[in-house]
Amino acid sequence: MSLALALGRRGLGNSWPNPAVGAVVVRYDGPEPVIVGRGWTQPGGRPHAETEALRRAGPAARGATLYATLEPCTHHGKTPPCTDAIVTAGVARVVSAMEDPNARVAGRGHALLRAGGIAVDVGLGAAEARCAHAGHIRSICDHRPHITLKLAVSADGKAGFAGPRPAPITGEAARTRTHLMRAMNDAILVGIGTAIADDPQLTCRLPGMAARSPVRVVLDSGLRLPASGALARSARETPVWVMAGTHAPTAAEDGLRGLGVEVFRLPASDGRLDISAVIRLLNNRGVTRLMVEGGPTVAAAFVAADLVDEAALLRGPQPIGPDGIDALDAMPLTALTGSSRLGSRGIEAVGDDTIETFERI
Numbered sequence: 134m135s136l137a138l139a140l141g142r143r144g145l146g147n148s149w150p151n152p153a154v155g156a157v158v159v160r161y162d163g164p165e166p167v168i169v170g171r172g173w174t175q176p177g178g179r180p181h182a183e184t185e186a187l188r189r190a191g192p193a194a195r196g197a198t199l200y201a202t203l204e205p206c207t208h209h210g211k212t213p214p215c216t217d218a219i220v221t222a223g224v225a226r227v228v229s230a231m232e233d234p235n236a237r238v239a240g241r242g243h244a245l246l247r248a249g250g251i252a253v254d255v256g257l258g259a260a261e262a263r264c265a266h267a268g269h270i271r272s273i274c275d276h277r278p279h280i281t282l283k284l285a286v287s288a289d290g291k292a293g294f295a296g297p298r299p300a301p302i303t304g305e306a307a308r309t310r311t312h313l314m315r316a317m318n319d320a321i322l323v324g325i326g327t328a329i330a331d332d333p334q335l336t337c338r339l340p341g342m343a344a345r346s347p348v349r350v351v352l353d354s355g356l357r358l359p360a361s362g363a364l365a366r367s368a369r370e371t372p373v374w375v376m377a378g379t380h381a382p383t384a385a386e387d388g389l390r391g392l393g394v395e396v397f398r399l400p401a402s403d404g405r406l407d408i409s410a411v412i413r414l415l416n417n418r419g420v421t422r423l424m425v426e427g428g429p430t431v432a433a434a435f436v437a438a439d440l441v442d443e444a445a446l447l448r449g450p451q452p453i454g455p456d457g458i459d460a461l462d463a464m465p466l467t468a469l470t471g472s473s474r475l476g477s478r479g480i481e482a483v484g485d486d487t488i489e490t491f492e493r494i
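Residues in the sequence shown are numbered from 134 upward in steps of one, following the numbering used here.
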């Protein structure tokens, strides 16, 4: 099951709107178990992990045990149900980490397997599986993506210089960790302030992983995203979704659409978009894992709305000083670090920096 979980993580950020499942087919004929098939959910969510593992196992799947990180599906979509493939392959036993909360499955997959004469065990690796499938679970149960807030702060808790102007806070090792986080999320979100001040790419720039870059989402009620900026210029290579207010200029929308940017109109008040409406739209578009990497205003909005499920707080070793701006606009950093909704998972060194991770309690 540990191997199946590791395989499933290969699909994080790459299999949405489907969950990133891992599966392993094992034979127990001799003194030692032999792995005869491995699979994980492929890009775009098809094929599923179970059918991939069975395909690789071939005839060796007959009489074998299949380990899966999520209950096999039972419904017909673009492909037949995994339960049918498992029964047809002649698998003798299925070990499933957890039941799928999706109402179209929800125990039915396990029941169909048992009805087909297959022994089924459920619960091995359940805690790890719930973490791996957090996006899928959140989407099904709460009708929104699982949201991770990433903050980089100086030793004195600042996010940059006033203006705002960016400041170098963390080193190369921490930036590498950030790129890995991007690759494991379906979408990454910033505010227009960050988009203008930093002109970021928001892509995954680890070697060979450019294709794993998430959808770039910009909160831009007034449609101020520069057509000459890095985001708009690269929209045909990596998608850019701009969340604009209903009264934003039509001409600006036309210009951005001409570059390949998708523009969505949403309610706004006093120049600020309705965060709940943004989240609903992303969920409806299939986003299950959202990384928020915006500036202090956006970060504070998600904290205030209790929309942070996980947080990664990267701290650099140097202070910025009195000219710096706080990491959370109009609220102390303790609103995140001391929140009764979030618990710390611990602190680790990342090069010369540290990263403290938090998760919803």
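The C-beta atom is built at its ideal place from N, Cα and C for all residues, glycine as well. These figures come from a predicted structure and were not determined experimentally.
Are Met-376 and Val-394 close, meaning C-beta to C-beta below 8 Å? Here residue 376 refers to the residue found at position 243 of the sequence shown. Here residue 394 refers to the residue found at position 261 of the sequence shown. Contact flag unset, no.
Across which residues does DSSP place Asp-486 in a beta bridge pair? For the purposes of this step, residue 486 is taken as the residue at position 353 of the sequence shown. Under DSSP, Asp-486 takes part in a beta bridge, and its partners are Val-483.
Nearest-angstrom Cα separation, counted from Leu-423 out to His-279: In the sequence shown, the residue the question calls residue 279 occupies position 146. In the sequence shown, the residue the question calls residue 423 occupies position 290. Taking C-alpha positions only, His-279 is separated from Leu-423 by approximately 6 Å.
Of the listed residues Arg-448, Asp-462 and Thr-421, nearest to Gly-144 (C-alpha basis): On the sequence shown, residue 144 is found 11 positions in, with the first residue counted as 1. It is Thr-421.
Looking at the structure shown, is Gly-378 part of a helix, part of a strand, or coil, going by DSSP? Against the sequence shown, residue 378 aligns to sequence position 245. Of the three classes helix, strand and coil, the one that applies to Gly-378 here is strand, per DSSP.
Closest by CA to Val-359, which one among Glu-232, Pro-333 and Ala-410? Mapped onto the sequence shown, residue 359 falls at position 226. For the sequence presented, residue 359 should be read as Pro rather than Val. Nearest of Glu-232, Pro-333 and Ala-410 to Pro-359, Cα basis: Pro-333.
Run through DSSP, which three-state label would Ile-219 get? The sequence position of residue 219 within the sequence shown is 86, counting from 1. In the structure shown, Ile-219 sits in a helix (DSSP, three-state: H, G or I).
Local Cβ density within 10 Å of Ala-252, reported as buried at 16 or more and exposed below that: Translated into positions along the sequence shown, residue 252 becomes position 119. Burial check for Ala-252: the Cβ neighbour count within 10 Å stays below 16, so the residue is exposed.
Does the separation of the CB atoms of Arg-237 and His-208 fall below 8 Å? Here residue 237 refers to the residue found at position 104 when the sequence shown is read from its first residue. Here residue 208 refers to the residue found at position 75 when the sequence shown is read from its first residue. Yes.
Can you check which of these residues, Glu-492, Thr-490, Phe-491 and Gly-484, is closest to Ile-302 by C-alpha distance? Locating residue 302 in the sequence shown gives position 169, where the first residue counts as 1. From the listed residues Glu-492, Thr-490, Phe-491 and Gly-484, the smallest Cα separation to Ile-302 is found for Gly-484.
How far does the alpha helix (DSSP H) with Arg-263 in it reach, from first residue to last? Taking the sequence shown and counting its residues from 1, one reaches residue 263 at position 130. Element bounds for Arg-263: 259-265.
Mind checking Tyr-200: buried by the 16 CB within 10 Å criterion, or exposed? The count along the sequence shown starts at 1 and reaches residue 200 at position 67. With a threshold of 16 other beta carbon atoms within 10 Å, Tyr-200 meets it and is buried.
Rounded C-alpha distance that separates Arg-418 from Asp-387: Working through the sequence shown from its first residue, we reach residue 418 at position 285. Working through the sequence shown from its first residue, we reach residue 387 at position 254. It is roughly 22 Å from the alpha-carbon of Arg-418 to the alpha-carbon of Asp-387.
What does the Cβ neighbour count give for Arg-241, buried or exposed, with the cut at 16 atoms within 10 Å? Along the sequence shown, one-based indexing puts residue 241 at 108. It counts as buried.
Run through the DSSP bridge pairs and tell me what Ser-477 is partnered with. Taking the first residue of the sequence shown as position 1, residue 477 is located at position 344. Under the DSSP definition of a beta bridge, Ser-477 partners with Phe-491.
Which residues bound the beta strand (DSSP E) around Ile-280? Residue mapping note: residue 280 aligns to position 147 of the sequence shown, counting from 1. It spans 279-286 - the beta strand (DSSP E) in which Ile-280 sits, taken as one unbroken run.
Find the nearest neighbour of Thr-221 within the set Arg-171, Pro-176, Leu-245 and Gly-163, judged by alpha-carbon distance. Here residue 221 is taken as the residue at index 88 of the sequence shown, counted from 1. Relative to the Cα of Thr-221, the nearest Cα in the group Arg-171, Pro-176, Leu-245 and Gly-163 belongs to Leu-245.
Can you tell me the Cα-Cα spacing of Ile-480 and Thr-490, whole angstroms? Mapped onto the sequence shown, residue 480 falls at position 347. Mapped onto the sequence shown, residue 490 falls at position 357. Going from the Cα of Ile-480 to the Cα of Thr-490 covers about 7 Å.
Helix, strand or coil: which one does DSSP assign to Val-167? Here residue 167 is taken as the residue at index 34 of the sequence shown, counted from 1. Strand.
CA-to-CA distance, Asp-456 to Ala-153, given in whole angstroms: On the sequence shown, position 20 is the one that residue 153 refers to. On the sequence shown, position 323 is the one that residue 456 refers to. Ala-153 and Asp-456 have their C-alpha atoms some 44 Å from each other.
State the CB to CB distance for the pair Ala-92 and Leu-356, rounded to an integer number of angstroms; the pair is presumed to be in contact (CB under 8 Å). Residue 92 is absent from the model: the chain starts at 134 and stops at 494.
Check whether Leu-466 and Arg-493 have beta carbons under 8 Å apart: Residue numbering aside, residue 466 sits at position 333 when the sequence shown is read from its first letter. Residue numbering aside, residue 493 sits at position 360 when the sequence shown is read from its first letter. One thing to note: Leu-466 has its Cβ no nearer than 8 Å to the Cβ of Arg-493.
Rounded to whole angstroms, what's the CA-CA distance from Gly-304 to Gly-449? Just pull it up for me. One-based indexing of the sequence shown puts residue 304 at position 171. One-based indexing of the sequence shown puts residue 449 at position 316. In a straight line, the C-alpha of Gly-304 is about 8 Å away from that of Gly-449.
When Asp-442, Ala-381 and Gly-170 are compared against Asp-275, the one with the closest alpha-carbon: Looking up residue 275 in the sequence shown gives position 142. Of the candidates Asp-442, Ala-381 and Gly-170, the one whose C-alpha sits nearest the C-alpha of Asp-275 is Asp-442.
Length at least 3, wholly inside the region 406-476: the beta strand (DSSP E) runs in chain order: Entirely contained in the region 406-476, the beta strand (DSSP E) runs reaching 3 residues are, in chain order, 422-425, 443-448 and 457-459.
Backbone secondary structure at Ala-293 - three-state DSSP: Counted from its first residue, the sequence shown places residue 293 at position 160. Looking at the sequence shown, residue 293 is not Ala but Gly. If DSSP states are grouped into helix, strand and coil, Gly-293 belongs with the strands.
Cβ-based burial, Ser-148 [other Cβ within 10 Å; buried from 16]: Here residue 148 refers to the residue found at position 15 of the sequence shown. Here Ser-148 is buried: its Cβ has 16 or more other Cβ atoms, across all protein chains shown, within 10 Å.
Pick from Ile-408, Ile-325, Met-464 and Thr-309: whose alpha carbon is nearest that of Leu-440? Here residue 440 is taken as the residue at index 307 of the sequence shown, counted from 1. The residue from Ile-408, Ile-325, Met-464 and Thr-309 with its alpha-carbon nearest to that of Leu-440 is Ile-408.
Residue range of the unbroken beta strand (DSSP E) whose run includes Ile-321: Working through the sequence shown from its first residue, we reach residue 321 at position 188. Taken as a continuous stretch (DSSP letters only), the beta strand (DSSP E) holding Ile-321 covers 320-324.
Report the rounded CA-to-CA distance for His-243 versus Gly-163, giving the unit in angstroms. Position 110 of the sequence shown, counted from the start, is the residue given in the question as residue 243. Position 30 of the sequence shown, counted from the start, is the residue given in the question as residue 163. Counting only the Cα atoms, Gly-163 lies some 27 Å from His-243.
Within the region 303-377, note down every full alpha helix (DSSP H) run reaching 4 residues or more, in order along the chain. The region 303-377 contains these whole alpha helix (DSSP H) runs: 305-316, 325-331 and 363-366.
Ser-505: first and last residue of the uninterrupted alpha helix (DSSP H) it sits in: Only positions 134 to 494 of the chain appear in this structure, which leaves residue 505 out of reach.
Residues of its chain near Phe-294, where Cβ-Cβ distance is below 8 Å and the 5 sequence neighbours each way are ignored: Along the sequence shown, one-based indexing puts residue 294 at 161. Result list for Phe-294: Ala-300, Ile-453, Asp-456, Gly-457 and Ile-458, in chain order.
Tell me the rounded alpha-carbon separation between Asp-353 and Leu-406. Along the sequence shown, one-based indexing puts residue 353 at 220. Along the sequence shown, one-based indexing puts residue 406 at 273. Cα-Cα distance, rounded: 8 Å.
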